[in-house]
Structures are given as structure tokens and as C-alpha cells.
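Asks: If you count the sequence shown from 1, position 294 lands on 294 in the working numbering, and the numbers rise without skipping. We put the CB at the ideal spot given by N, CA and C, even for glycine. Because the structure is a prediction, the values reported are computed rather than measured.
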Amino acid sequence: METPRTEFYLILLFLFYHLPCVPSQKQPTVYCETPFQCGNITVGFPFSGEQRSPSCGHPFLKLSCNKSSNTTSINLSGYNYTVLHIDMKKESLTLRLSRQDFTGPFCSASFSSSPLPQDLLQNLPSYKSLTVFYTCDTRRHFLGNFTCRMNNLVSVVQDSRYNKLCDKRFSVTVPASYVPEEEALNITRLESVLREGFEAKLNMEEIPCPECLSTGENCGFIVTGMGCCKYVSGSIECRDSNNDTGSYSMNRFILITIGTGSVVIAFLVMILVFLLCERRKKKALRKQNLEALVTSRLYSYRQIKKITKSFSEVVGRGGFGTVYKGKLRDGSKVAVKVLKDSMSSSEDFINEVASISQTSHVNIVSLLGFCYEGSKRAIVYEFVENGSLDQSMNLDVSTLYGIALGVAKGIEYLHYGCRTRIVHFDIKPQNVLLDHNLRPKVSDFGLAKLCQNQESILSSLDTRGTIGYIAPELFSRMYGSVSYKSDVYSYGMLLLEMIGANKERVGKSDSNKSSVYFPDWIYKDLESGDITMLLEGELNQEEEDIAKKMIIVGLWCIQLCPSDRPTMNEVIEMMEGSLDTLKAPPKPLLHMSMQNISESSQLSGESSIYSEV
1 METPRTEFYL ILLFLFYHLP CVPSQKQPTV YCETPFQCGN ITVGFPFSGE QRSPSCGHPF
61 LKLSCNKSSN TTSINLSGYN YTVLHIDMKK ESLTLRLSRQ DFTGPFCSAS FSSSPLPQDL
121 LQNLPSYKSL TVFYTCDTRR HFLGNFTCRM NNLVSVVQDS RYNKLCDKRF SVTVPASYVP
181 EEEALNITRL ESVLREGFEA KLNMEEIPCP ECLSTGENCG FIVTGMGCCK YVSGSIECRD
241 SNNDTGSYSM NRFILITIGT GSVVIAFLVM ILVFLLCERR KKKALRKQNL EALVTSRLYS
301 YRQIKKITKS FSEVVGRGGF GTVYKGKLRD GSKVAVKVLK DSMSSSEDFI NEVASISQTS
361 HVNIVSLLGF CYEGSKRAIV YEFVENGSLD QSMNLDVSTL YGIALGVAKG IEYLHYGCRT
421 RIVHFDIKPQ NVLLDHNLRP KVSDFGLAKL CQNQESILSS LDTRGTIGYI APELFSRMYG
481 SVSYKSDVYS YGMLLLEMIG ANKERVGKSD SNKSSVYFPD WIYKDLESGD ITMLLEGELN
541 QEEEDIAKKM IIVGLWCIQL CPSDRPTMNE VIEMMEGSLD TLKAPPKPLL HMSMQNISES
601 SQLSGESSIY SEV
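1. I'd like to confirm the pairing. Which residues does DSSP put opposite residue 219 in its beta bridges?
2. Please determine, among 377, 60, 280 and 356, the residue with the shortest C-alpha to C-alpha distance to residue 303.
3. Beta-carbon separation of residue 360 and residue 367 under 7 Å?
4. Buried or exposed: where does residue 363 fall if 16 or more other Cβ atoms within 10 Å of its Cβ makes it buried?
5. Here's a check: name, in chain order, each residue in its chain whose Cβ is nearer than 6 Å to the Cβ of residue 386, leaving out the five neighbours to either side.
6. Hey, would you say residue 169 sits closer than 7 Å to residue 133, going by beta carbons?
7. Mind pulling the beta strand (DSSP E) runs of 3 or more residues that sit fully within the segment 373-409?
8. Run through DSSP, which three-state label would residue 74 get?
9. Just grab the DSSP bridge partners of residue 49 for me.
10. Any beta-carbon of chain B closer than 7 Å to the one on residue 396?
11. In terms of alpha-carbon separation, which member of 490, 380 and 123 lies closest to residue 432?
12. Going by beta carbon distance, what residues of the same chain come within less than 8 Å of residue 373, once the five residues before and after it are set aside?
13. Which residue marks the beginning of the alpha helix (DSSP H) containing residue 171, and which one marks its end?
14. Taking only three categories from DSSP, how would you classify residue 557?
15. Taking contact to mean at least 3 C-beta pairs separated by less than 8 Å, is the segment 409-422 in contact with the segment 437-450?
16. Determine the direct distance from the alpha carbon of residue 64 to that of residue 72, and round the result to whole angstroms.
17. Going by other Cβ atoms of all chains shown within 10 Å of its Cβ, with 16 needed for buried, is residue 316 buried or exposed?
18. Anyone know if the C-beta pair for residue 94 and residue 201 falls short of 7 Å?
19. On the criterion of 16 or more Cβ atoms from any shown chain inside 10 Å, does residue 339 qualify as buried, or is it exposed?
20. If you reduce the DSSP assignment to three classes, tell me which class residue 332 lands in.
21. Does the segment 478-488 come close enough to the segment 392-405 that 3 or more CB-CB pairs lie under 8 Å?
22. By how many angstroms is the C-alpha of residue 48 removed from the C-alpha of residue 219?
23. Taking DSSP as the reference, what is the three-state secondary structure of residue 350?
24. Helix, strand or coil for residue 547, going by three-state DSSP, please let me know.
25. Mapping DSSP to helix, strand and coil, what is residue 417?
26. Let me know the secondary structure DSSP gives residue 264 once reduced to three states.
27. Note down the Cα distance separating residue 484 from residue 404, rounded to an integer number of angstroms.
28. Just list the residues that DSSP pairs residue 85 with in beta bridges.
29. Measuring CA to CA, which of 553, 33, 571 and 166 is closest to residue 136?
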């Protein structure tokens, strides 16, 4: 790895070698007149690439030519597409695109949605979005299913009921004629349909090319947008198509001035290299997180105000911001979290959005877009009708069990199902949202941490989370290292609270036990077989067994030593297994004042109908 001093000398050598030569370079005789040519594709503005410089087209419409196969490709939202055809009609410019990973066998493709940048491209009405469900329940029969080695059972159907039976899903764009009236789809044709691609229309303002050509100029793309450019006396002059007086010039005089000022530039570069090297590590992390945002839609603050009707309907408040109800142009409801200025540093905001954007799971809240405009930060995500779990603790035991199992699967996905392991660090009832089917969705990734290479041990210097749910190792390293097992502890506390073994009910049920650490006496009641003190209402035998199972799993999860806690994979196995196969967890060693716990938990209270994301 090169040192900052070595980098400085290399840059300095480059400047002195190249800058004096700049004025002597010959000026080109044409500007953006040469079209892009590759195979059957011959286009000009608004495209750039190959012989056409970046200023000859839109920055997101850069084409590449594969000389060996004579095919054209383009990168959109982080995905590579093969450009099959471009129709340069005056009324609308359309492209036929095919995702490159769909050119081979379907099972070898990346099972992820790839939305186009909506501000630039829009699918034609003759194409539809088709949902592909995968990692489905192998014990059930699915219509139109097939098996992929890496993704288990896969099903391509038009049936919303499969949302409950399959853990993951993504969307592909296919012709509307391919989607038949029948429930099952012909999977044997799916590969060929995807290779044929889909058509998208370019959403751009009126291109001023006719105006430019009529005056002997060429279309270009300048700072203010599209414009007309030409050569005048050896200088490039461009004007905004909406402002005839706005122009800029790069002539020989400017180039000579730059050459003579190379020494000053070199000195400034030396200072910049020193500063940039100090910030390299932080910028590398930010760049990595920003790359994860490519597939998410970027909204302006004006659009956010329009979506929320000027922030008229508040559905939740929290320490990091306020959540508003909104509606998109297509009528779908969304929740918009607007962060407080004092709590929305660039790193924290990018970390949260990057974390959510890497997820795709039925038990994880879905990110729809974000706003990053100056000091204004907002996150747009799916609206979940039933609010947060803390408002629904009075549900029956069977329903609570289903919710708890869904939360476990969501956390397990964060730990093992993502490209980069995500540790949530703030699992609590307020951060579990319930949809119209009471399906739980883990939310609020403001404290989450991305772990490189599926690392187990984290270097966390700060205590993060909500008191009452924070794992002991986050307070003191004497209990062990901070890891993904910290989420397991928080989940265990969540389980005990859901089943009724929480601190508030304990305090009400028996004041004599207020000085005993509550898992200690829960353990004693569990040994005696009497858990009625923990529960409200009459329970049948099946419900009582479910409650016992949840308590046992909860006690396993809140073991003080992280190595004694199960992984989320093991938690799911215990939750889905028989009560008879569960072993009693070790008795907790830590004893603390019940009063202290109650006082601490009050610090994290939130009064919200709808949780933050």
C-alpha cells in the first residue's frame, strides 16, 4: 500500500509532466458529431460512450460496446443490461433492454429486483411486473414451481397467498401477454421471455437537437442541463437551450493560464492529498454504503412535502424523528420518517438507508425511497396498517406466537440472509410493525451496524439500544464481546414481554418479588410448572404449552454470556419444535434490583402509534 508521501510525489510528477503540454494539444475539429456505433446500434444525443465524450450525453446514459460480441450494454441502478434496440423517434425515445444475468439459466441469476431510475426511464404499458417467490415451504405443493439448488423451492404464480408461504420474493418485467389468466405460469418459457427483454421509454424534457442543428451546433449536456455547443475560433462554446445568453468558453488562454499555474496547483494538491489520506477510511465506508443506495429512489424535499400533504398526518414520534402518513402518485400508502436535524448526521443516515436497502424479506420493512437534500433527511417505506407491537400486546397467545416467530425469521435473515451481515442493536416492541394480516416487520435501522465478511465480533465503542433490551456486553466487556448475539438477547427480552413476563406486570403481581431479578423467579415458577402468575386470562392446554415454550426460549436468549445464547437459527428451531424437546436453560447468575430495572426502562419509553424505521 502506497504511503501519502509516495502518492504526493506521483501526483506532482503527473502535473509537471502533463500540464505544460496541454496548450500544445490540437483542438478537435468537431464536437459530438460522431455517433455511437456498435452492432445494430447507431445513436447520438442523449447517449455517450466510446467515441462520444461524457459531455455529449446524459450522465446516466453511457453506452459500452463489447467488441468481441458486437453488443451494446448500459449500467442502470447498479445492474448491467444488454441494449437490444434503440428507437430514436421524435415523439418518444424507447429502449429494449435485457438484464445480463438473465441471459443464462434462470437459477444462476441474481434473485433481486432491479427497478429502473423512474425519473429517467419508464416501462411501457405493454409490460407488467411478475413476482417470483423463492425459499418456499418445501412441505407444501406450489403451482408452477421448480427447484433451484441455491434458493430451494421457487414458484412463479399470480397468487398473493404465497406471501405467507415463501420467505423471499423479487420482481421481473415481462410482456403483459406472457401473464395468462390461469393461476400458474409456464416456467419453461420464462427464460426465453427474459432474454427477449422489455421496452422502456425515456423520460426527458424536449430535446433541443432540431434547434441546435438549425444553427449549425450540436446537442450536448452542460452543468445547467441540455444545451447547444459549437466551436468558435478554436474554443468550445455552449449555451443553455433555455437561456441564450448563458455560455462558457475553454480557450487557449485558459489552458495556458492553467499550465503556468501548475506550481500553485501542485502545492494545493499536496495539502489535499494529506487531508484526503486522513479521511480515506471514512470515505471508503461511505462509498460502500452509497453503492447500496443505487436501487432506491431519491426524492426531493418538495416531493416529500407533496407525498405527506405538507406533513399533515403524524402517525408516530421517536427520538430520531417523526413519522408521517403519505400517499404516492399511484395511490399506494407510505410512511415517511423525517429525521431531526440534530440527529441526522450523514454517516448515521446513510448507514440506516444502506441497511434497509440490502434487505428483501417478508418480515423486514420495505424501503421505497429516501430524501438526502442538504440538511433535510427522510426515509420513505411501506405503510403498515396495524402500527407497532407495543400497541397489540393484548392479543391471544397463538397470535403472539406467530408474531414472535416472524420476528425471529426477520432477525435471522439480517444475520445470515443478507450479502453483508446486519446487526440491528434495537430490537423492541416499538420497532416491530404489524401489517393488516398481523405479519410482523422489523423496522428502525438507525442503530444497525453492517459487518464485513460475516464477522462475528464487532468493534463497538458506544452503548447502543434501548435500556431494558440492551445486552450486558454492551454495558461492560466483562460479559463478553459485542456480536450478533446482542440481537438474540434483545429478542429474548421481547419474548418475555410478549408473553406477559415483563417488568410492569411483575411489579403489579407481587410486590414482595420486587427486589429479585425477574428471570430468577420466572425460572422458579417454570420449574414448579405454575406459570399462571405470568399470564392473564384463562388458557387451554395448547396455549399454555405455547406460553411455556416462549418463556423457555426467552430465558435461553437472555443468558448473560453471549456464547451461552443460541443463534437465531437455533431460536427458530426451538420455536417451531416440540415443547418436550426443549431443555431448561441455565439459571441466571445476575441479580439486580427490580426497582432499578423499572426505573431504567422508563428512560426508553415512547408514545407512538407507529414506530420509526
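Replies: To lay it out plainly:
1. Beta-bridge pairing by DSSP links residue 219 to 228.
2. The shortest C-alpha separation from residue 303 is found at 377.
3. No, Cβ-Cβ distance for residue 360 and residue 367 is not below 7 Å.
4. Here residue 363 is buried: its Cβ has 16 or more other Cβ atoms, across all protein chains shown, within 10 Å.
5. Excluding sequence neighbours, residue 386 sits near 434.
6. Here residue 169 is near residue 133, since their CB atoms are less than 7 Å apart.
7. Counting only runs of 3 or more, we get 376-382.
8. Residue 74: strand per DSSP, three-state reduction.
9. For residue 49, the beta-bridge partners assigned by DSSP are 52.
10. Judged by its chain identifiers, the structure shown contains no chain B, having just a single protein chain.
11. Nearest option by C-alpha distance: 490.
12. Within the same chain, Cβ atoms closer than 8 Å to the Cβ of residue 373 are found at 300 and 301, the five residues on either side in sequence being excluded.
13. Counting along the chain, residue 171 sits inside no alpha helix (DSSP H); it lies in the beta strand (DSSP E) bounded by residues 166-175.
14. Taken through DSSP and simplified to helix, strand or coil, residue 557 comes out as helix.
15. Verdict: yes, contact present.
16. Rounded to the nearest whole angstrom, the CA to CA distance from residue 72 to residue 64 is 6 Å.
17. Buried: at least 16 other Cβ atoms inside 10 Å.
18. A contact, by the Cβ cut-off of 7 Å.
19. In the assembly as shown, residue 339 is a buried residue. Its beta-carbon has 16 or more other beta-carbons within 10 Å.
20. DSSP places residue 332 in coil when its eight states are reduced to three.
21. Proximity of the segment 392-405 to the segment 478-488 falls short of the contact definition, fewer than three beta-carbon pairs being nearer than 8 Å.
22. The C-alpha of residue 48 is placed about 11 Å away from the C-alpha of residue 219.
23. If DSSP states are grouped into helix, strand and coil, residue 350 belongs with the helices.
24. In the structure shown, residue 547 sits in a helix (DSSP, three-state: H, G or I).
25. Per DSSP, reduced to three states, the secondary structure at residue 417 is helical.
26. Residue state, collapsed to three classes: helix.
27. Looking at the two C-alpha atoms, the distance is approximately 18 Å.
28. Paired residues: 96.
29. That would be 166, whose Cα lies nearest to the Cα of residue 136.
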